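For the sequence shown, this note's numbering begins at 7 and goes up steadily by one.
Backbone N, C-alpha and C define an ideal beta-carbon position, used for all residues, glycine too.
This structure is a prediction, so every number in the text was calculated from the model and none was measured.
The structure appears below as C-alpha cells.
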Amino acid sequence: MKDIYILSVETSCDETSIAIVKNGNEVVALTILTQMDTHAKYGGVVPEIASRMHTENITMVLEETLQKAKMEIKDVDAIAVTYAPGLLGSLLVGVEFAKVLSYVYNKPLIKVNHLIGHIYANKIDNHLEFPNLALIISGGHTELIKMTGDYEFELLGETQDDAIGEAFDKVARVLGLKYPGGPNIEKLAEEGKPEYKLPKVAHDDSYNFSYSGLKSSVINLVNNEKQRGNEINKANLACSFQTTAVEELTRKLEKALKETNIKNVIIAGGVSANKYLRNKIDELCKKYNATLNLPEFIYCTDNAAMIGAAAYPLYLKGEFADLDLNAESTARIC
Ligand code: KG4
Ligand code: ZN
7 MKDIYILSVE
17 TSCDETSIAI
27 VKNGNEVVAL
37 TILTQMDTHA
47 KYGGVVPEIA
57 SRMHTENITM
67 VLEETLQKAK
77 MEIKDVDAIA
87 VTYAPGLLGS
97 LLVGVEFAKV
107 LSYVYNKPLI
117 KVNHLIGHIY
127 ANKIDNHLEF
137 PNLALIISGG
147 HTELIKMTGD
157 YEFELLGETQ
167 DDAIGEAFDK
177 VARVLGLKYP
187 GGPNIEKLAE
197 EGKPEYKLPK
207 VAHDDSYNFS
217 YSGLKSSVIN
227 LVNNEKQRGN
237 EINKANLACS
247 FQTTAVEELT
257 RKLEKALKET
267 NIKNVIIAGG
277 VSANKYLRNK
287 IDELCKKYNA
297 TLNLPEFIYC
307 TDNAAMIGAA
317 AYPLYLKGEF
327 ADLDLNAEST
337 ARIC
C-alpha cells in the first residue's frame, strides 16, 4: 500500500503545533511553539492572548515543519486539525487555517477530537492493543475509557468536578509555584515526604473521580497555617498532594483491571508526563500482569503529531469533514 502522509494542526490551548505523520505512527516532522512563558506572567492561559499568538505564529510553524520534513503541502495526502475540545478562539485559528490549506491544495480535511489525539499519542512509534483501558489525564479531563478497537470507546468513569491537571495547577498556585503547575509540583515533591495528612476521596463503587475536595483541603490548610503564622513545608505539602492525587487514579484503575480483566493500559494527556504517576501505574500494571503503554514525554503534552496519528484511521475509513467545519469548545469522546 502507498504511504499516507497527513499534515496535522493543533491549536486547542497554548501550543501552536504542526506535524507531518506517515501511516499514522511515524513522525516525519513536528514543530511545537509553546506560549507558556507569556501566559506564566498571568498565572494561567489568557484565551485572547492565546488566539492572537496562534494567528501570528501559525504560518511560521507550518514553514518550519515543511522544511524539517523536506516536503511541500502538495506532497501530503490529507490535512487534519483539532476541532474540539479546547479554547474556542484558539481552536478557530487552527480550524480556519486547515480549511484554507484543504481548499487551496485540494486535500481531504479530517477533524480530530483533542482527547482522542492524546490516546493515539500512544500509537506513535508503536501500536495500540485492544481491548485496552485508557486513562486520559489532562488540564481539562480525567476519564477512564475502555477501547475495544480503533475509535470504539466506552466511558467507564470521569471526574465529577475538577480535572486532575486543574487540581495540580491550582495547588501549585497556592504554593506560589509558576504556571504550569503540574511539572513544578512534581519537581518540588521530589524533595518532600508525604507527611501532611490530606483527606482521601470518599470511596464509592463507581469508576468516577473527584479532585475538588483534595484541592480545597490543600488550599484551606495553607490559609489556616498562614493565619496562625505557621510556616508550611511546601515540598512536603506538594508531595502529600501528589501522592493522594495519584492514589485516586490508581484506586479506580485497579478496580477496572480487576473487574474487566483487560491486560493493556494506556495513559494519555499532559499529566501522564508525571514520573511519580508513571511509576505507580507501572507497579499496578505489573501486579495485574498488564502491559502499560506510555507515550514518549514529548507526545504527552499538546502536540500535532498525536492529531496526525488519530486522523489516520479516519483517513482509511474515508471520514472527511466539510469546509463548513466549526470549532467546538466542548466535545465528548463517547
Ligand atoms: O494535555 P495538556 O498539555 O493540555 C490539556 O489538554 O489540558 O495538559 C496540561 C496539564 C496541565 O494541567 C499541567 O499542569 C499538567 O498537564 N502537567 C502535569 C505535568 N506536566 C503537565 N501534571 C503533573 N505532572 C507533570 N509532570
Ligand atoms: Zn491536551
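Helix, strand or coil for residue i? Go by DSSP, reduced to three states.
i: Leu68; result: helix
i: Met42; result: helix
i: Leu94; result: helix
i: Gly171; result: helix
i: Thr88; result: strand
i: Asn332; result: coil
i: Asn112; result: coil
i: Ala266; result: According to the sequence displayed, residue 266 carries Thr and not Ala. Residue state, collapsed to three classes: helix.
i: Ser23; result: strand
i: Tyr11; result: strand
i: Asn299; result: strand
i: Ile238; result: coil
i: Ala316; result: helix
i: Val82; result: coil
i: Val33; result: strand
i: Lys47; result: coil
i: Val271; result: strand
i: Glu16; result: strand
i: Ala311; result: helix
i: Ala337; result: coil
i: Lys28; result: strand
i: Lys117; result: strand
Could you tell me how far apart the beta carbons of residue i and residue j are, in whole angstroms, since I believe they sit closer than 8 Å?
i: Ala296; j: Val271; result: 5 Å
i: Tyr126; j: Ala316; result: 4 Å
i: Ala75; j: Ser14; result: Rounded, the Cβ-Cβ distance is 12 Å, inconsistent with contact.
i: Asn259; j: Leu290; result: What sits at residue 259 in the sequence shown is Leu, not Asn. 6 Å between Cβ atoms; contact.
i: Glu16; j: Asn309; result: 6 Å
i: Ala241; j: Gly187; result: Not confirmed; about 15 Å, so no contact.
i: Lys129; j: Gly30; result: 6 Å
i: Ser57; j: Gly95; result: 3 Å
Taking 8 Å as the cut-off, is the C-beta of residue i nearer than that to any heavy atom in ligand 2?
i: Gly145; result: yes
i: Gly275; result: yes
i: Thr71; result: no
i: Ser335; result: no
i: His120; result: yes
i: His124; result: yes
Nearer than 8 Å: is that true of the beta carbon of residue i relative to any heavy atom of ligand 1?
i: Glu253; result: no
i: Gly92; result: yes
i: Cys306; result: yes
i: Ser347; result: Residue numbering for the chain in the displayed model covers 7 to 340; residue 347 lies beyond these limits and cannot be assessed.
i: Ala279; result: yes
i: Phe247; result: no
i: Ile287; result: no
i: Pro200; result: no
i: Ile191; result: yes
i: Glu379; result: The first residue shown for the chain is 7 and the last is 340, placing residue 379 beyond what the model contains.
i: Asp43; result: no
i: Pro301; result: no
i: Phe103; result: no
i: Glu172; result: yes
i: Gly187; result: yes
i: Leu36; result: no
i: Asp83; result: no
i: Asp175; result: yes
i: Leu134; result: no
i: Leu283; result: yes
### Query
What residue ranges within the segment 198-234 form continuous alpha helix (DSSP H) runs of no fewer than 4 residues, ordered along the chain?
218-233
### Query
Which full runs of the alpha helix (DSSP H) of 4+ residues lie inside the segment 119-183, going along the chain?
120-126, 170-180
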